[in-house]
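Counted the way full-length UniProt numbering counts, the sequence shown spans residues 1 to 481.
Don't be surprised by glycine CBs; every beta carbon is placed ideally from N, CA and C.
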Amino acid sequence: MSKNKSKLAALRRSGEPPGRSAAPTSKKPPEYLQPTVVLTTPIHPSVDQAAQLHEMWRVLLVAQHALVTYLHHRAAGGAATLTAIASGQWHEGPPSSGSGPPDLTLRALDAEFRVARDALGWGQFVASSALRWMVAETAREWRLRRTGAEPGRWTLDRAVELHLDNSVQIGDPVTLSVVGVMGGLSADLFLPRAYWRAMIRRQRRRVEAEGARLDALERRWLDQGDGGAAAELFSRRARVGLRSALPDPGAPSDRDLVSRERVVFRHVPGAEGLPPRWAAQWAFDVADVPFPRWTQDDVIGVDLGYRYPFAVATTHQAALVPRPFRGDFAAPTLNAQQGNHLQPADLARARAEHRRSLFMRLLPIYEAQLALVLRHRVVALEQMAWGGFTRRGSRFASYAQDVGLLAWLDWVDALAPHHGVRVVKVQPAYTSRTCSRCGWVGARPLSGKRFCCVVCGYSLAADANAAAVIRARGQALLGGP
Numbered sequence: 001m002s003k004n005k006s007k008l009a010a011l012r013r014s015g016e017p018p019g020r021s022a023a024p025t026s027k028k029p030p031e032y033l034q035p036t037v038v039l040t041t042p043i044h045p046s047v048d049q050a051a052q053l054h055e056m057w058r059v060l061l062v063a064q065h066a067l068v069t070y071l072h073h074r075a076a077g078g079a080a081t082l083t084a085i086a087s088g089q090w091h092e093g094p095p096s097s098g099s100g101p102p103d104l105t106l107r108a109l110d111a112e113f114r115v116a117r118d119a120l121g122w123g124q125f126v127a128s129s130a131l132r133w134m135v136a137e138t139a140r141e142w143r144l145r146r147t148g149a150e151p152g153r154w155t156l157d158r159a160v161e162l163h164l165d166n167s168v169q170i171g172d173p174v175t176l177s178v179v180g181v182m183g184g185l186s187a188d189l190f191l192p193r194a195y196w197r198a199m200i201r202r203q204r205r206r207v208e209a210e211g212a213r214l215d216a217l218e219r220r221w222l223d224q225g226d227g228g229a230a231a232e233l234f235s236r237r238a239r240v241g242l243r244s245a246l247p248d249p250g251a252p253s254d255r256d257l258v259s260r261e262r263v264v265f266r267h268v269p270g271a272e273g274l275p276p277r278w279a280a281q282w283a284f285d286v287a288d289v290p291f292p293r294w295t296q297d298d299v300i301g302v303d304l305g306y307r308y309p310f311a312v313a314t315t316h317q318a319a320l321v322p323r324p325f326r327g328d329f330a331a332p333t334l335n336a337q338q339g340n341h342l343q344p345a346d347l348a349r350a351r352a353e354h355r356r357s358l359f360m361r362l363l364p365i366y367e368a369q370l371a372l373v374l375r376h377r378v379v380a381l382e383q384m385a386w387g388g389f390t391r392r393g394s395r396f397a398s399y400a401q402d403v404g405l406l407a408w409l410d411w412v413d414a415l416a417p418h419h420g421v422r423v424v425k426v427q428p429a430y431t432s433r434t435c436s437r438c439g440w441v442g443a444r445p446l447s448g449k450r451f452c453c454v455v456c457g458y459s460l461a462a463d464a465n466a467a468a469v470i471r472a473r474g475q476a477l478l479g480g481p
């Protein structure tokens, strides 16, 4: 048997010696495994906060580069520690590719990395969960490596991905606190109510547990004179976010959702032409009761709009859902007297609360339309070029972001697979100018006017006609009539 084959399996997940099977990761039998739903919400860090997040990513890349060098060194049979390599005390260049796998388990690699993390201070800049994810992801790349193509260092053009987990806490409906980021971070926590309640319920449990821990430390300090307890108490009290009061989410239902500790901050490309943005991803475990499957064997076409946030069309009906507010969606411009003495953070918070007011007014409609589309076998939506609205001077892209229409689209994409629903995206060209009955392309109807076909005479509310066109294009993509 070759030397490489006699080594421990490269970076085994369990850390067990050869010949022993890995311990199961869950005590639940397979039929009780819970699906996970991941929903994304926009976050709006200030310039300084964004710089701090980018600095976290830079330090994480430094640590990953050192880890890769260490793995190459160990694969070649070297014995230097990760701390020595990362601190510059080891100067030998990395061996050539094609070496054997490093003789390490993932458990041993984690232990080696923790020593280097503490010695070099990486943990002062980056959450431990983000560093643990980086180690596991690098190990995964080594396990999946191709012959002659050893994994390398992550480059600067890799998208920022910070697995912050319980370093992120909800201060209130528009504010997050993040360990390592100064001040409250403005966020649009646009979620369906069931998921919002699950997240709040989880946060409240964390607050209560932390409060009990602080009380115990205080008693050890004052009753027993424990200086170590006093220091830990002081350190914990210096952390922000856990003292905020959150609304009561109510008693859990039979089908409860559990907000997991997995929270990821990403710097992502903008949706179809919009500028890049920051987003938070939240993971939810779903109760063991299966998601209800679709019940309508039909394609539903959905058109998003300003006057009517939703227009829908099915085989049997076309319907409009009017906007439930009259005021302008854009945040008002303050005069000099109104804006005097306001700090940028105050204005950011006011804008976030302004957006949330719009979202909460629309939330019942969002949830009703979400339930409607998930009852259909196929949902047809436009492949929106959001950047085109901005270039044409239209405010619709800003409107869709501010009131949560983009969030609703994310809900559909995230939840449809769990309901067995297929989502198809159709080309948006001329949907508002095309007759849904005969296919003639005419002039765009004036705002608020009905669509009237000059060829076949068909007349319908303009947005409902557009939804019917979207539905027909979705059917065409599926090979239907």
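{"Query": "Quick one, are the C-beta atoms of residue 68 and residue 143 less than 8 Å apart?", "Result": "no"}
{"Query": "Out of 413, 47 and 417, which one is the CA nearest neighbour of residue 183?", "Result": "47"}
{"Query": "Ends of the beta strand (DSSP E) at residue 278?", "Result": "277 to 286"}
{"Query": "Taking residue 233 as the reference, which of 222, 217, 70 and 225 has the closest Cα?", "Result": "217"}
{"Query": "Which two residues bound the contiguous alpha helix (DSSP H) that contains residue 482?", "Result": "As displayed, the chain neither begins before 1 nor continues past 481, which places residue 482 out of reach and without an answer."}
{"Query": "Residues in its own chain within less than 6 Å of residue 416 by CB, not counting five upstream and five downstream?", "Result": "423"}
{"Query": "Closest by CA to residue 332, which one among 351, 306 and 114?", "Result": "351"}
{"Query": "With distances taken from CA atoms, which of 57, 292, 125 and 40 is nearest residue 180?", "Result": "125"}
{"Query": "Here's the rule I'm using: 16 or more other beta-carbon atoms within 10 Å means buried, otherwise exposed. How should residue 346 be labelled?", "Result": "exposed"}
{"Query": "Taking the alpha-carbon positions, what's the residue 470 to residue 390 distance?", "Result": "22 Å"}
{"Query": "So which of 328, 319, 408 and 42 has the shortest CA-CA distance to residue 174?", "Result": "42"}
{"Query": "Taking the straight line between their C-alpha atoms, what separation do you get for residue 447 and residue 265?", "Result": "39 Å"}
{"Query": "Answer yes or no: do residue 496 and residue 330 have a C-beta to C-beta separation smaller than 8 Å?", "Result": "Only positions 1 to 481 of the chain appear in this structure, which leaves residue 496 out of reach."}
{"Query": "Just the Cα atoms here: how many angstroms apart are residue 80 and residue 58?", "Result": "24 Å"}
{"Query": "Could you tell me if residue 134 is buried or exposed, where buried requires 16 or more neighbouring beta carbons within 10 angstroms of its beta carbon?", "Result": "buried"}
{"Query": "Do three or more CB pairs link the segment 449 to 463 to the segment 292 to 300 at distances below 8 Å?", "Result": "no"}
{"Query": "Do the CB positions of residue 161 and residue 151 come within less than 8 Å of each other?", "Result": "no"}
{"Query": "Could you tell me if residue 261 is buried or exposed, where buried requires 16 or more neighbouring beta carbons within 10 angstroms of its beta carbon?", "Result": "exposed"}
{"Query": "Less than 8 Å between C-beta atoms, sequence neighbours within five positions excluded: which residues of the same chain meet that for residue 294?", "Result": "374, 375, 376, 377, 419, 420 and 421"}
{"Query": "Can you tell which of 224, 64, 212 and 201 has the C-alpha that lies nearest to the C-alpha of residue 258?", "Result": "201"}
{"Query": "Ordered along the chain, which non-local residues of its own chain (more than five positions away) have a Cβ less than 8 Å from that of residue 214?", "Result": "233, 236 and 237"}
{"Query": "List the whole-angstrom C-beta distance separating residue 63 from residue 131, where the pair is believed to meet the contact cut-off of C-beta under 8 Å.", "Result": "6 Å"}
{"Query": "Are residue 444 and residue 433 closer than 8 Å when you measure CB to CB?", "Result": "yes"}
{"Query": "Rounded to a whole number of angstroms, what is the C-alpha to C-alpha distance between residue 281 and residue 220?", "Result": "38 Å"}
{"Query": "When the Cα atoms are used, what is the spatial distance from residue 400 to residue 325?", "Result": "15 Å"}
{"Query": "Residue 361: which of 192, 199 and 430 sits nearest, CA to CA?", "Result": "192"}
{"Query": "Go through its chain and collect everything with a Cβ distance to residue 226's Cβ below 6 Å, but skip five positions before and after it.", "Result": "220"}
{"Query": "Helix, strand or coil, according to DSSP, for residue 227 in the structure here?", "Result": "helix"}
{"Query": "Please classify residue 222 as buried or exposed, where buried requires at least 16 neighbouring CB atoms within 10 angstroms.", "Result": "exposed"}
{"Query": "So residue 478 and residue 397 are in contact, right, with Cβ under 8 Å, and what is the actual spacing, rounded?", "Result": "So it is not a contact: roughly 28 Å between Cβ atoms."}
{"Query": "Whole angstroms is fine: what's the gap from residue 382's alpha carbon to residue 459's?", "Result": "22 Å"}
{"Query": "Start and end of the beta strand (DSSP E) containing residue 401?", "Result": "Segment 396 to 403 is the alpha helix (DSSP H) holding residue 401; no beta strand (DSSP E) there."}
{"Query": "Measure how close the beta-carbons of residue 129 and residue 164 come, nearest whole angstrom, since I'm counting them as under 8 Å.", "Result": "6 Å"}
{"Query": "Is it right to say residue 87 is buried, meaning 16 or more other beta carbons lie within 10 angstroms of its own, or is it exposed?", "Result": "exposed"}
{"Query": "How big is the Cα-Cα spacing for residue 114 and residue 209?", "Result": "26 Å"}
{"Query": "Which complete beta strand (DSSP E) runs does the segment 366 to 432 hold, if anything under 3 residues is left out?", "Result": "376 to 382 and 422 to 426"}
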